[in-house]
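Some notes on the structure that comes next.
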Amino acid sequence: MGKLKLAVLISGRGSNLQALIDACAAPDYPAEIALVISNVAGVEGIERATNAGLPVLVIDHKKYPSRAEFDLEMTQAIEAAGVELICLAGFMRLLSEEFIDHWHNRMINIHPSLLPAFKGLDVQARAIAAGARFSGCTVHYVRFDMDTGPIITQAAVPIHTGDDADTLAARILVQEHIIYPQAVRWIAEGRVMIENQQAIVDGADAPTAAVINPLP
Ligand code: GAR
1 MGKLKLAVLI SGRGSNLQAL IDACAAPDYP AEIALVISNV AGVEGIERAT NAGLPVLVID
61 HKKYPSRAEF DLEMTQAIEA AGVELICLAG FMRLLSEEFI DHWHNRMINI HPSLLPAFKG
121 LDVQARAIAA GARFSGCTVH YVRFDMDTGP IITQAAVPIH TGDDADTLAA RILVQEHIIY
181 PQAVRWIAEG RVMIENQQAI VDGADAPTAA VINPLP
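Pasting the structure below:
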């Protein structure tokens, strides 16, 4: 069977793109990156894609008169590349309803919180300010309301006394790089079903242990 063709959409550093590039380098990984799109020129993620020999397009949203036209340009490029799954990886633009509908159940996102808590921006600082004892990251299918959609997988990390947004973001990012390629693998293996707006991963177990923070 052929590999699942991915488009990875970025706006910046591209460390999650790099995690997907590294996963795809393994011969038995069931997906491959067919296209990388950045809406911002000159970002580190573009260099990562180029270094990996991947096709990269910069589609600068500022050059389009409307969100719809920007999104249409992206859809045309993504379809021309034969893409089956879009992975948003630090893509910091809201997408039009048309684009989201067009890619329904064919587009996933990674977000640095335990959704549905802390949607939007500055989520690590907000989790600390709220006094939360855990945060983490979520891979989910994309729906129209920002940072909603069936959750495929999450990783939880403790929040430490003295954390700031940067130390917490770094702790979460380590887990992002594990769960994003894992979620893509499950989708490529045909193991993710969506029923009643919930994603079910066939044959994947939940851990049995609870984690308490602070330790008793
Ligand atoms: C990641 O932490 C990702 O979860 C977050 O942006 C960062 C991108 O880093 N995404 C969002 O906040 C989307 N709402 P990267 O460019 O190094 O992958």
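By our numbering, the letter at position 62 of the sequence shown is numbered 62, and the numbering carries on one by one without gaps. By construction, the Cβ of each residue, glycine as well, lies at the ideal position given by its N, Cα and C atoms.
- For the pair PRO150 and PRO65, the Cα-to-Cα distance works out to about 32 Å.
- The Cβ atoms of VAL8 and ALA89 sit closer than 7 Å to each other.
- Here the alpha carbons of VAL123 and PRO55 stand approximately 31 Å from one another.
- Taking non-hydrogen atoms of ligand 1 into account, the C-beta of ALA89 is found less than 6 Å away from one of them.
- VAL83 is positioned such that its CB atom lies closer than 7 Å to that of LYS5.
- Only residues of its own chain outside the window of five on either side were considered, and among them ILE59 have a CB closer than 6 Å to the CB of GLU73, listed in chain order.
- Of the other Cβ atoms in all chains shown, 16 or more fall within 10 Å of the Cβ of GLN18; this residue is therefore buried.
- If you draw a 10 Å sphere on the C-beta of THR138, you find 16 or more other C-beta atoms in it, and that means buried.
- Beta bridge pairing from DSSP links CYS24 with no other residue.
- By the criterion of at least three beta-carbon pairs nearer than 8 Å, the stretch 91–105 is not in contact with the stretch 43–52.
- Boundaries of the beta strand (DSSP E) around HIS140: 134–141.
- Cβ neighbours of HIS61 within its own chain (closer than 7 Å, five residues either side excluded): ASN39, PHE70, ARG93.
- Taking all protein chains in view, the Cβ of ALA209 is surrounded by fewer than 16 other Cβ atoms within 10 Å, so the residue is classified as exposed.
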